[in-house]
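Numbering-wise (this note's numbering), the sequence shown opens with residue 8 and increments by one.
What follows is one structure encoded as structure tokens, with my remarks underneath.
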Amino acid sequence: MNNILELKNINKTYKGKSENLHILKDLNLEVEEGDFISILGKSGSGKSTLLGIIGLLDNFDSGEIYINNNKIDKFESNNVDRLKNKDLGFVFQFHYLLPEFTALENVMIPCLIQNFSDKKNIEIKAKELLKKVGLEERYNHKPNQLSGGEKQRVAIARALINDPKIILADEPTGNLDEETSEDIHKLLQKINRENKQTIIVVTHSKELANITNKQYLVKQGKLILKK
Ligand SMILES: Nc1ncnc2c1ncn2[C@@H]1O[C@H](COP(=O)(O)OP(=O)(O)OP(=O)(O)O)[C@@H](O)[C@H]1O
Ligand SMILES: [Mg+2]
């Protein structure tokens, strides 16, 4: 079996003035290529902390992370930046689109940063992705001219532009209505099935969790397999 991601004995503590918060405790996780995984757990249990560590956005105290069988060493930022752009795509609850740029430009940016000379092809690809998420008529809209669900779909298209092996989503439908949420859930499912991209999603939505292949619960600093 080919594990695209492996976490071994990950520990994470937030150091406070008076006390330390030991949030993740010898946490282990193995994710196979093409998996679609949901991470559940009550507020404050450490889900976003975990996703931030998997996404190499945040450091950890001890343990090991392997992405695509490459060991990620703490603090080795060059290596990490390369992997972050190439292998990982992010979708957050609050989309973080850049307000002064159009939908199309927002999708292009993560790719342009790496390869400015290829602008024409990047534009073609960004248009294809926006079409895939149903926004072919919104290329030139700025974020404040898009609805919440549309902004979230732009964020998903943006997460896909570099063909990441792993897509990480933190409550991607946390602030959307039921019907729009359902559309986004189906979109994630489609991406997982058609592109065979691995998806790890943190969610409070039972409906979203139900369409994933495996459900994990974060409890007392560890991951428990539910399904
Ligand atoms: N930068 C930080 N410094 C100190 N404590 C933090 C920091 N970030 C998070 N925490 C604490 O760590 C715990 C886990 O936070 P985290 O954001 O991972 O929870 P979560 O499971 O994502 O919750 P939610 O469902 O509400 O988003 C919380 O109790 C939080 O207060
Ligand atoms: Mg969170």
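We put the beta carbon where it would ideally sit given N, CA and C, even for glycine.
Given the structure is predicted, the values throughout are model-derived calculations rather than measurements.
- Between L34 and K229, the beta carbon gap of about 5 Å places them in contact (Cβ cut-off 8 Å).
- Excluding its 5 nearest sequence neighbours in each direction, E40 has C-beta neighbours in its own chain below 8 Å: N9, N10, I11, K172, K203, T205, listed in chain order.
- Within the same chain, N35, G70, E71 come within 7 Å of K15 by CB-CB distance, once the 5 residues on both sides are set aside.
- The set of residues with CB atoms less than 7 Å from any heavy atom of ligand 2 reads, in chain order, K54, S55, D177, E178, V209.
- With contacts defined by Cβ atoms closer than 9 Å, D94 and I74 form a contacting pair.
- Counting C-beta pairs with one atom in each stretch, the segment 158 to 173 and the segment 98 to 107 have three or more that are closer than 8 Å, which means they touch.
- Between K132 and C118, the C-beta spacing is below 9 Å.
- Take the alpha-carbon of T187 and the one of I120: they are about 31 Å apart.
- Under the 10 Å beta carbon count, E157 is surrounded by 16 or more other beta carbons and is classified as buried.
- Counting C-beta atoms within 10 angstroms of its own C-beta, Q159 has 16 or more neighbours from the protein chains shown and is therefore classed as buried.
- Rounded to whole angstroms, the separation of the alpha carbons of V38 and K78 is 15 Å.
- With a cutoff of 9 Å on beta-carbon distance, L136 and T180 are scored as not near each other.
- Between I60 and K221, the alpha-carbon positions lie close to 20 Å from each other.
- N9 sits in coil when the DSSP states are folded into three classes, being neither helix nor strand.
- Nearest neighbour of Q196 by Cα position, chosen from L31, E130, I218, E178, turns out to be I218.
- In the DSSP assignment, Q222 falls within the beta strand (DSSP E) that extends over 221 to 226.
- Relative to the Cα of T210, the nearest Cα in the group E201, V225, Y21 belongs to V225.
- In this chain, the alpha helix (DSSP H) harbouring E214 covers 213 to 218.
- Residue pairing for T205: DSSP places it in a beta bridge opposite I173.
- When the Cα atoms are used, N147 and V161 turn out to be separated by approximately 12 Å.
- The continuous alpha helix (DSSP H) containing K138 extends over residues 126 to 139.
- Taking the Cβ of G23 as the reference point, at least one heavy atom of ligand 1 falls within a distance shorter than 8 Å.
- Residue burial is scored here from C-beta neighbours: G96 has at least 16 other C-beta atoms within 10 angstroms and is therefore classed as buried.
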